[in-house]
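Position one of the sequence shown corresponds to residue 7 (my numbering), numbered consecutively onward.
Only one structure is covered here, and it is reproduced in the block below.
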Amino acid sequence: MPAPSISIIQQNLNQGGNSDVERRPLFIGLNQENANDAATVTDAGAVHTIGKTTDLDAILGAADSNLKTQIEAARANVGSTWTAYVVPLYSALGTGDIGVPFSDWDVALELALGQPNNIKPELVALTDEVGTDDLEDMQLAADNAAATWAKLITIHAPVAGNDGSQTWADYITATKAINAGVLFDRVHLVPQLHTTNLGAVIGRLTTETASIADSPMRVKTGVVLGLQDAPLDADGVALELDHIKELSEARFSVPYWYPDLTGMYWCDHMSLDDLTGDYSVYENRRVVDYTARRIRPLMVGDVANRALNRSASSTAYHVQKYSQPIKDAAKGKVIGGEPVAGLVQPPVDGDVVITWDSSTEVVLAFTVAPKDSPKKLTGYITLDLNRVEA
């Protein structure tokens, strides 16, 4: 070489962090009461970003609507750094609007997830009541979000509460019929027993004071706020814990209370997975989705990367590399002297397995183990009548 040459090539090792998705809900629902408000647009969809103190009247209109009511119930249960999205729907055009009313939740979801909005919510809250015929569409929408935009979401929707026209027995029978015999593991149903149950549980699931690995059953999260008056049935009978338990066992997400404690709490946030399924409770789905969101970029970065190969050294390196998101998720911390558990258990040998089907096709298998969560506690107390005090 007749002359020296010095080159510096900057490599991109994809070491940046992931943008936060967890705890960000997207609310979609009718806001027809505000169709004539100048702040709304009824013939074209609009995606709004909101926080704990956002003036909803300014972006959704001043009139009361169920959409706003559910958002307010959610905000009653979150902290100051909470962020959410909202797409209002309209069943009819406002005065002076031209076109077709923006009325379909599935179209709104595609508007929000696709370009140019490209928002990344963890969960979608449909604020209008749904029935049996809507459930498959909800599951398909969640599946489509993963297939089209690589966005892992779950969809949460209310079913009707008891308006006082039915006995509890009749109401529970009718409600249980909504999800009877169906299996949709990314769909969650919330009976509007107190009118604002959907909003309240969405807030509880997205509050910064709880981990995504926590069930909304967790008492240390605090009492549930924002619920309206407790209902009475056609015979004037109040909602009882036996009714709550029956609905929970039928895969509905419902509140709970303890006779010796003040305030309202919650049960598990059930999905429409089978009760024996891995994702029947929402926290299991959340930690797996959390991990998957952090593994996918690593896999994308390894497309046609010959450093990933069948040699022993490469396999050992990449097992460690792909274990890192699980290790990160497993990290706990101590706050005020009290330990706070990580999202999952630390990975062990065999939790990441790399298998080659051919020289160009590789299969990566991951195992994520949730931490213990005590939901049924039994205490035994015995009496020692023979002890002699020292």
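All C-beta atoms, glycine included, are put in the ideal place defined by N, C-alpha and C.
- Of the candidates D26, T133, N185, D26 places its Cα closest to the Cα of K126.
- With a 10 Å radius around the Cβ and a threshold of 16 neighbouring Cβ atoms, W362 comes out exposed.
- Cβ contact annotation for A131 (same chain, cutoff 6 Å, sequence separation greater than five): P31, F33, H162, I208, in chain order.
- In the DSSP assignment, L370 falls within the beta strand (DSSP E) that extends over 368-372.
- Beta-bridge annotation (DSSP): F33 is paired with V92, A131.
- When D220, E214, D176, I104 are compared, the shortest CA-CA separation from A90 is found for E214.
- Rounded to the nearest angstrom, the gap between the Cα atoms of A64 and N40 is 11 Å.
- Looking from the CA of V113, the closest CA among L95, N290, Y285, A375 belongs to L95.
- Listed in chain order, the non-local C-beta contacts of A151 below 8 Å within the same chain comprise L115, L119, K157, L158, I159, local neighbours out to five positions each way being set aside.
- Cβ contact annotation for D280 (same chain, cutoff 8 Å, sequence separation greater than five): L189, S286, in chain order.
- Beta-bridge annotation (DSSP): L238 is paired with A244.
- The region 159-223 contains, as complete alpha helix (DSSP H) runs of 4+ residues, the segments 174-184, 203-212 (chain order).
- Annotated three-state conformation of E255 is helix, per DSSP.
- Residue range 358-362 is occupied by the beta strand (DSSP E) that includes W362, with no alpha helix (DSSP H) assigned at that position.
- Residue environment for K251: exposed (fewer than 16 other C-beta atoms within 10 angstroms of its C-beta).
- Its Cα nearest to that of V309, the residue V369 stands out among D390, V369, Q121.
- The continuous beta strand (DSSP E) containing E344 extends over residues 344-346.
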